[in-house]
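Numbering (my numbering), first residue to last: 6 to 340. Glycine residues also receive a C-beta, built at the ideal position from the N, C-alpha and C atoms.
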């Protein structure tokens with residue numbers, strides 16, 4: 006039973022990674038596609054490639070997710086907790102994708118872990134969640150908004166006397182680099198979350214001790230995320246690239262550059278699993294606010310913030326229900 010469960014968990018984890026890819030593809034390329042810096046298919050190919058490379062750049066976030074969110078019991082019961090967490094996260098990802106809302110796959114996974122742990126009466130590491138999830142969850146959008154506003158203001162001042170056509174052409178070329186940097190940051194952050202869950206499953210299944218991420222886990226997580234990204238998430242791309250604010254190339258460059266910088270800093274310096282979705286969305290709103298406040302469609306932004314707030318509790322509820330339903334399966338009711 007244990008081997009079958011751990012294989013199931015790995016397959017479902019990679020399925021979550023794939024949904025993460027197509028759900029969050031918009032994070033990396035929506036701005037560059039909306040400004041016509043890249044064609045949609047070229048942007049997706051670039052994003053998938055950079056996601057793949059980014060996944061190999063570190064494992065600090067993976068170790069945080071694997072060891073710093075919950076304490077799952079050893080054996081089949083612990084694997085059931087991890088499985089329920091993954092299914093809950095996938096369900097919320099699919100719901101928000103269907104409605105075109107750029108919610109956080111990262112927070113869906115964390116919410117799933119918490120919900121499944123509470124449903125199974127296991128330990129939730131609230132201190133770790135507060136330090137590594139809640140604080141970065143609050144600070145990263147604020148930092149993204151403020152930095153994007155300042156960077157865009159500086160760009161407007163520096164190029165205030167330049168010809169608009171030449172400025173747009175130059176920043177359209179520069180967006181190729183900023184979009185690649187954003188995609189690299191997405192791979193660095195989001196692939197590690199799946200690595201962390203698979204490592205957690207291996208630990209509770211007693212297939213390894215310690216939370217060091219094995220090389221084959223990195224390869225599988227990187228490949229699944231890249232494949233999902235290439236599949237594309239067009240519903241969310243329309244929301245992020247066009248419905249919040251109409252972007253031009255300088256604005257797209259500023260938003261992508263700031264968001265990528267925030268992703269790298271939190272991953273390398275703090276090992277914090279922040280939301281790439283929240284980071285790029287807040288940066289887009291920040292650059293849009295430099296025009297005038299009315300340039301931002303605040304109703305759309307409000308719907309996105311509502312999805313952010315609901316993600317952890319709703320994914321947790323879905324995971325808790327999944328944990329209960331799994332006990333109806335013959336052979337699992339005694340776990």
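Judged by DSSP secondary structure, residue 135 falls outside any alpha helix (DSSP H); it is assigned neither H nor E. Per the DSSP secondary-structure output, residue 128 pairs in a beta bridge with 76. Nearest neighbour of residue 216 by Cα position, chosen from 22, 233 and 73, turns out to be 73. Annotation: residue 210 to residue 79 spans about 6 Å, alpha carbon to alpha carbon. At the C-beta level, residue 93 and residue 126 stay beyond 8 Å of one another.
Only residues of its own chain outside the window of five on either side were considered, and among them 84, 87, 88 and 206 have a CB closer than 6 Å to the CB of residue 14, listed in chain order. For the pair residue 227 and residue 51, the CB atoms are not nearer than the 8 Å cut-off. The DSSP-derived three-state label of residue 264 is helix.
For residue 204, the enclosing alpha helix (DSSP H) has its first and last residue at 169 to 209. Restricted to the segment 282 to 333, the alpha helix (DSSP H) segments that are unbroken, complete and at least 4 residues in length are 303 to 331, listed in chain order. In the three-state scheme derived from DSSP, where H, G and I count as helix and E and B as strand, residue 253 is classed as coil. The count of Cβ pairs closer than 8 Å, one atom from the segment 104 to 111 and one from the segment 264 to 272, stays below three, leaving the stretches out of contact.
Remark: C-beta atoms of residue 24 and residue 98 approach each other more closely than 8 Å. Under the three-state reduction of DSSP output, residue 93 falls in the helix class. At the C-beta level, residue 40 and residue 190 stay beyond 8 Å of one another. Residue 18 places its beta carbon 8 Å or farther from that of residue 223.
Annotated three-state conformation of residue 336 is coil, per DSSP.
In this structure, 154 is the residue among 48, 136 and 154 with its C-alpha nearest to the C-alpha of residue 296. Around residue 261, the same chain offers 36, 183, 184 and 187 as residues with beta carbons nearer than 6 Å, after the five sequence neighbours per side are excluded. In the three-state reduction of the DSSP assignment, residue 28 falls in the helix class. By the Cβ rule, the segment 169 to 177 does not count as touching the segment 307 to 317, because fewer than three pairs are nearer than 8 Å. In this structure, the straight-line span from the alpha carbon of residue 136 to that of residue 197 is close to 18 Å.
For residue 233, the uninterrupted alpha helix (DSSP H) run begins and ends at 220 to 236, by DSSP.
For residue 141 and residue 45, the gap between their C-alpha atoms comes out near 31 Å.
In this structure, residue 225 keeps its C-beta atom at 8 Å or more from the C-beta atom of residue 63. Take residue 312, set aside five residues on each side of it, and the residues of its chain with a beta-carbon closer than 7 Å to its own are 101, 106 and 108, in chain order. If you draw a 10 Å sphere on the C-beta of residue 320, you find 16 or more other C-beta atoms in it, and that means buried.
Following the DSSP letters along the chain, one finds residue 45 inside the alpha helix (DSSP H) bounded by residues 45 to 59. When C-alpha distances from residue 90 are compared across 53, 201 and 294, the shortest belongs to 201. In the three-state reduction of the DSSP assignment, residue 215 falls in the coil class, being assigned neither a helical nor a strand state.
Taking residue 67 as the centre and dropping the five residues before and after it, the same chain places the C-beta of 197, 200, 201 and 218 closer than 6 Å to its C-beta, in chain order.
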